[in-house]
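Heads up: the sequence lines are chains A and B, in that order. For the first sequence, the numbering used here begins at 53 and goes up steadily by one. For the second sequence, the numbering used here begins at 3 and goes up steadily by one. Here the structure comes first, spelled out in structure tokens, and everything after it is commentary.
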Amino acid sequence: NAGVMQNPRHLVRRRGQEARLRCSPMKGHSHVYWYRQLPEEGLKFMVYLQKENIIDESGMPKERFSAEFPKEGPSILRIQQVVRGDSAAYFCASSPPGGANEKLFFGSGTQLSVL
Amino acid sequence: SQELEQSPQSLIVQEGKNLTINCTSSKTLYGLYWYKQKYGEGLIFLMMLQKGGEEKSHEKITAKLDEKKQQSSLHITASQPSHAGIYLCGAPKRGAQKLVFGQGTRLTINP
Numbered sequence: 053n054a055g056v057m058q059n060p061r062h063l064v065r066r067r068g069q070e071a072r073l074r075c076s077p078m079k080g081h082s083h084v085y086w087y088r089q090l091p092e093e094g095l096k097f098m099v100y101l102q103k104e105n106i107i108d109e110s111g112m113p114k115e116r117f118s119a120e121f122p123k124e125g126p127s128i129l130r131i132q133q134v135v136r137g138d139s140a141a142y143f144c145a146s147s148p149p150g151g152a153n154e155k156l157f158f159g160s161g162t163q164l165s166v167l
Numbered sequence: 003s004q005e006l007e008q009s010p011q012s013l014i015v016q017e018g019k020n021l022t023i024n025c026t027s028s029k030t031l032y033g034l035y036w037y038k039q040k041y042g043e044g045l046i047f048l049m050m051l052q053k054g055g056e057e058k059s060h061e062k063i064t065a066k067l068d069e070k071k072q073q074s075s076l077h078i079t080a081s082q083p084s085h086a087g088i089y090l091c092g093a094p095k096r097g098a099q100k101l102v103f104g105q106g107t108r109l110t111i112n113p
């Protein structure tokens, strides 16, 4: 049973470009969470999704950021018109149907660097 | 909103020594998770504590949950270089399906 898969591991973008980060949850997991980790800081919650639904996006910036978890395929975190301050490690986690009352399994993250 | 504060923020210990990391919540804890992160990698689950007074051990790592103090501690006995990394505590936020995390404790083990 493969773990949570994130790709790419590293992503370099120039200011103004778009960044797309992908996350495939563990088999059987229907809940996906995205977190952001800035250098020397802890993990900050961004968004929580179930298949085809955004449940909680309270941690996601209102502009330029969007997330989806379609019926088929991976969850996507999309950042439009990236700025230098978007440079961070973005982690995806998944859990079985119990949500955050169950253990979260984390991917290895995508390191986004904005030039 | 619930906040988790970890102490110390960083810790350097000699190999073989014992150490403790604390995680204190600003609100009632309804469970507590400990994760470990190696540089540039994702989080590895260590332990989940669900009841006040609960204590769990895995190899040389022991975690306890003190519900009254709204605190959890992680204790490592006879530390080894493999214990080096960043330790994060996380707690489910009541009424919301998500974990909030502390800022992490960076542990360095000197040979």
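Glycine included, every Cβ here is placed at the ideal spot set by N, Cα and C. Just so you know, these numbers come straight off a predicted model, no measurement behind them.
Neighbouring residues, chain A, relative to residue 105 of chain B (Cβ below 7 Å) | 93, 94
Anything in the region 37-54 of chain B with a Cβ closer than 7 Å to a Cβ of chain A? List those residues in chain order, please.
-> 43, 44, 45, 47, 50
Residue 94 of chain B by DSSP, collapsed to three states: which one?
-> strand
Under 7 Å between beta-carbons, which chain A residues line up against residue 100 of chain B? List them in chain order, please.
-> 85, 97, 100, 108, 152
Do residue 54 of chain B and residue 34 of chain B have their C-beta atoms within less than 8 Å of each other?
-> no
Chain B residues whose Cβ lies nearer than 8 Å to that of residue 118 of chain A = Within 8 Å Cβ-Cβ: nothing; residue 118 of chain A doesn't reach chain B, min ~18 Å.
Just to confirm, are residue 58 of chain A and residue 125 of chain A a CB contact at a threshold of 8 Å?
-> no
Validate contact between the region 7-14 of chain B and the region 112-129 of chain A using beta carbons, cut 8 Å, 3 pairs | no
Hey, is residue 121 of chain A's beta-carbon within less than 8 Å of any beta-carbon in chain B?
-> no
Kindly say whether residue 90 of chain B, judged by its beta-carbon, lies nearer than 8 Å to any beta-carbon of chain A.
-> yes
Quick one: which unbroken beta strand (DSSP E) runs of 3-plus residues sit fully inside the region 80-152 of chain A? Chain order, please.
-> 83-89, 95-102, 105-108, 117-120, 127-131, 140-147
Residue-chain proximity (residue 155 of chain A, chain B), Cβ-Cβ < 8 Å = yes
Under 8 Å between C-beta atoms of residue 109 of chain B and residue 22 of chain B | no
Would you report the Cα separation of residue 81 of chain B and residue 61 of chain B, rounded to the nearest angstrom?
-> 11 Å
Going along the chain, which residues of its own chain have a beta-carbon closer than 6 Å to the beta-carbon of residue 18 of chain B, five neighbours each way excluded?
-> 80
Residue from B/41, B/100, B/97, B/26 with nearest C-alpha to residue 84 of chain B | B/41
Using only alpha-carbon positions, find the residue among B/44, B/43, B/58 that is nearest to residue 50 of chain B.
-> B/58
Please list, in chain order, all residues of the same chain as residue 60 of chain A whose beta carbon is under 7 Å from its beta carbon, the five residues on each side excluded.
-> 162
Chain B contact for residue 161 of chain A (CB, 8 Å cutoff) = yes
Quick one: Cα of residue 88 of chain B to Cα of residue 15 of chain B, how far?
-> 14 Å
Bounding residues of the beta strand (DSSP E) (the contiguous stretch that carries residue 65 of chain B) = 63-68
With C-beta atoms as the reference, is residue 64 of chain A less than 8 Å away from residue 145 of chain A?
-> no
At which residue ranges does the region 29-61 of chain B contain complete beta strand (DSSP E) runs of 3 or more residues, listed in the order of the chain?
-> 34-39, 45-51, 57-60
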